[in-house]
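Asks: Just so it is clear: in the sequence shown, position 113 is 456 by my numbering, and no numbers are missing.
From the three backbone atoms N, C-alpha and C, an ideal C-beta is built for every residue, glycine too.
If you're wondering where the values come from, they're calculated on a predicted model, not measured in any experiment.
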Amino acid sequence: MTSFTFGRNRDLERTPVSDVRPAYALLLLGSNIDPERNIEAARVQLRACSDLMSLSPIYQTPAVFAPGTADYHNQAVILRDPLTFEQLRSQLKRIETTLGRIRSTDSSAPRTIDIDILAGADDSLEMILEWPIDPALSTLHHAAIPSSTIASKWRFPSSLVSVSEVSQQLGSVPEGFKKLDGDRAARGK
Numbered sequence: 344m345t346s347f348t349f350g351r352n353r354d355l356e357r358t359p360v361s362d363v364r365p366a367y368a369l370l371l372l373g374s375n376i377d378p379e380r381n382i383e384a385a386r387v388q389l390r391a392c393s394d395l396m397s398l399s400p401i402y403q404t405p406a407v408f409a410p411g412t413a414d415y416h417n418q419a420v421i422l423r424d425p426l427t428f429e430q431l432r433s434q435l436k437r438i439e440t441t442l443g444r445i446r447s448t449d450s451s452a453p454r455t456i457d458i459d460i461l462a463g464a465d466d467s468l469e470m471i472l473e474w475p476i477d478p479a480l481s482t483l484h485h486a487a488i489p490s491s492t493i494a495s496k497w498r499f500p501s502s503l504v505s506v507s508e509v510s511q512q513l514g515s516v517p518e519g520f521k522k523l524d525g526d527r528a529a530r531g532k
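#1: For residue 491, does the three-state DSSP call read helix, strand or coil?
#2: CB residue 408 to CB residue 451, shorter than 7 angstroms?
#3: Assuming contact is defined by CB atoms lying nearer than 7 angstroms, are residue 414 and residue 394 in contact in what I supplied?
#4: Taking buried to mean at least 16 other C-beta atoms within 10 Å of its own C-beta, is residue 515 buried or exposed?
#5: Opposite residue 518 in the DSSP bridges: which residues?
#6: Nearest by alpha-carbon distance to residue 441: which of 484, 458, 448 is it?
#7: What is the rounded straight-line gap between the Cα of residue 371 and the Cα of residue 467?
#8: Assign residue 445 to one of two classes, buried (16 or more other C-beta atoms within 10 Å of its C-beta) or exposed (fewer than that).
#9: Report yes if the CB atom of residue 402 is closer than 7 angstroms to the CB atom of residue 381, and no otherwise.
Dropping the structure here:
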């Protein structure tokens, strides 16, 4: 299996992160406390403050860093014309707080909702260097697989490897990883 490292090339000059607005933002929603209700509530909050363009199916996934805890439900979403990175991050933290997210020193603690910014992309679907690219997008099934269903052609900068290619190269999914049935996933639309 080929290993890819994606990240910022510090030798390139670029606009500061806070000033750049990409054409699209790829987010990952996750919950392992009342996940059906909290994923839906997060989508409602996102629709109220942004242009929610695409939704992946919902996947039930084992808690990667906390074996023995409740499984997560994960869903990738794409926003069109998002805010700047810092504005979006602030908005997502407000949504998490509204939905009862309690931040803990235990990064593996169960949570009502977790909304991660995975990447930003330009109109050509190349991820922009001005926004951090979450390493989970290229290393963890629970981020890569839902993302590949709606952002399959997004390409990592410099390597131009697509999200779809990366998700395939991760290999077999962990035991317990499954796409939820059509009725559950359809509620996300």
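Replies: Judging by the given coordinates:
#1: In the three-state scheme derived from DSSP, where H, G and I count as helix and E and B as strand, residue 491 is classed as helix.
#2: Taking a C-beta distance under 7 angstroms as the contact criterion, residue 408 and residue 451 qualify as a contact pair.
#3: No, Cβ-Cβ distance for residue 414 and residue 394 is not below 7 angstroms.
#4: Residue 515 should be labelled exposed.
#5: DSSP links residue 518 through a beta bridge to no other residue.
#6: Per the Cα distances, 458.
#7: C-alpha separation (whole angstroms): 21 angstroms.
#8: Counting Cβ neighbours within 10 Å, residue 445 comes out exposed, since fewer than 16 surround it.
#9: At least 7 angstroms separates the beta-carbon of residue 402 from that of residue 381.
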